[in-house]
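Residue numbers (this note's numbering), protein chains in the order written: chain G, 9 to 124; chain Z, 1248 to 1356.
Note that CB positions come from ideal geometry on N, CA and C, so glycine has one too.
Below is one structure, written out as structure tokens; the observations come after it.
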């Protein structure tokens, strides 16, 4: 048990609907990350927060994607007008802050999204 | 993003040591070497990381070449639960982890 939790674990939605995922990081971690993983590929970085500030976003994060981390605790990832290409595992991770690479990231179990 | 090269797959027998290699010839002085693994249908799991010196923890050992252009993850006694995809990742100057295809480790009983 890594301590990072994600909800829901599975989500099936119809194309065009909006979905929101939640991530609760390890409590003392001030950095929170979102990744996306499609079948047979390694995870791809989407965005990360330090406390409540969103500091980096991948170009993979289109205008239909938005992430928030109010008060620097849990985070939400929303996808608007879902497309079939959004079907993937969405992974959340957290870590302590500090020099890049110094601290490891702990991943949650992921939310598997299926868009029909 | 600094690149790593790993074999696509490796096999081991249960209770034998496993040495998973990783080449990273373009590593910069501030890059940490991280290893993660991912079991089927689970999120990635942190294994070990280091900068210059060899590292040991309860899961594995990390041997880093003197020139830092390669490293080896050592599982001292493989178990069936160690069957996973192992990712070698360089991280420095950016917070994101860049995952390659990794090495799929099969452990035979």
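Closest by C-alpha distance to residue 1255 of chain Z, out of Z:1355, Z:1356, Z:1347, Z:1354, is Z:1347. In the DSSP annotation of this structure, residue 1345 of chain Z is not part of any beta strand (DSSP E), being labelled neither H nor E. Within the stretch 104 to 118 of chain G, those residues whose Cβ lies closer than 7 Å to any Cβ of chain Z are, in chain order, 108, 109, 110, 112, 113, 114, 115, 116, 117, 118. Cβ neighbours of residue 1336 of chain Z within its own chain (closer than 7 Å, five residues either side excluded): 1251, 1281, 1283, 1344, 1345, 1346. Between residue 80 of chain G and residue 99 of chain G, the CB-CB gap reaches or exceeds 8 Å. The C-beta distance from residue 44 of chain G to residue 52 of chain G rounds to 5 Å, short enough to meet the 8 Å contact threshold. Distances from the CA of residue 78 of chain G to each of G:20, G:21, G:61 were compared; the closest alpha carbon is that of G:61.
One thing to note: residue 1350 of chain Z has its Cβ no nearer than 8 Å to the Cβ of residue 1261 of chain Z.
Taking each of G:18, G:47, G:49, G:67 in turn and checking the Cα distance to residue 55 of chain G, the smallest one comes out for G:67.
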